[in-house]
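Read through the structure below, which is laid out as structure tokens, and then see the notes.
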Amino acid sequence: MSWKKIGICGLIDCLLGNSGPFASGDWILPDLTIQGTIRLNSNIHTFSDTYYFSYITKRTRKIMGMTGILGIHPLLFIRVLQMSQWRQPPNVMPPYKGYCDEDWWDNDGALNTISITHPRFPVEHPSHLSYKIQTAYLCYLASGITRLWKAITFFSL
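The numbering used here applies: residue 81 is where the sequence shown begins, and numbers increase by one.
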């Protein structure tokens with residue numbers, strides 16, 4: 081969308097989200113918020129005869145109180161710092177009961193690790209965490225339960 085076609089006022093409307101491709105809310109950024117997740121997951125149901133799998137990754141880690149950013153792609157660097165330093169403003173009501181900032185700090189460089197596991201909001205879906213050790217999987221399979229495979233690495237033990 082060129083500002084020459086829509087003018088300065090049209091460009092400002094696009095940047096504010098009043099018009100243009102981002103005005104509808106039908107794009108990825110609103111879906112990645114906690115409120116967007118609650119809206120999307122309210123229509124999701126698990127089926128007892130279906131096997132669900134999710135692979136969890138964790139790229140950042142705390143070393144001596146500092147968030148490690150080694151191994152993060154340079155294009156995601158700013159986003160990782162934003163996610164790992166986020167604090168809920170004290171004057172704003174938490175998005176859900178039992179909210180804790182620290183739960184949302186671990187991330188894989190693009191998304192918070194807690195978001196990757198399984199649907200949690202508005203109702204938590206059943207899940208079971210298994211650890212992948214080389215080629216052996218220490219888990220049992222059950223339908224209707226999200227299988228979470230977390231790769232054990234040197235830093236996450």
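Yeah, the Cβ is synthetic: ideal placement off N, Cα and C, and Gly gets one too.
In this text, all values refer to a predicted model and were calculated from it rather than measured experimentally.
Can you have a look at residue 234 and say buried or exposed, based on whether 16 or more other CB atoms are within 10 angstroms of its CB? Confidence at residue 234 is low in this model, with a pLDDT of 35, below 50, so the placement of that residue should be treated as unreliable; the coordinate-derived value is given next. Exposed, by the Cβ-count rule.
Specify the secondary structure class of residue 94 as computed by DSSP and reduced to three states. helix
According to DSSP, residues forming a beta bridge with residue 131: None; residue 131 has no bridge partner.
Could you tell me whether any non-hydrogen atom of the ligand GTP is closer than 7 Å to the CB of residue 110? Of the ligands one can find in the structure shown there are none, so the ligand GTP has no counterpart to examine.
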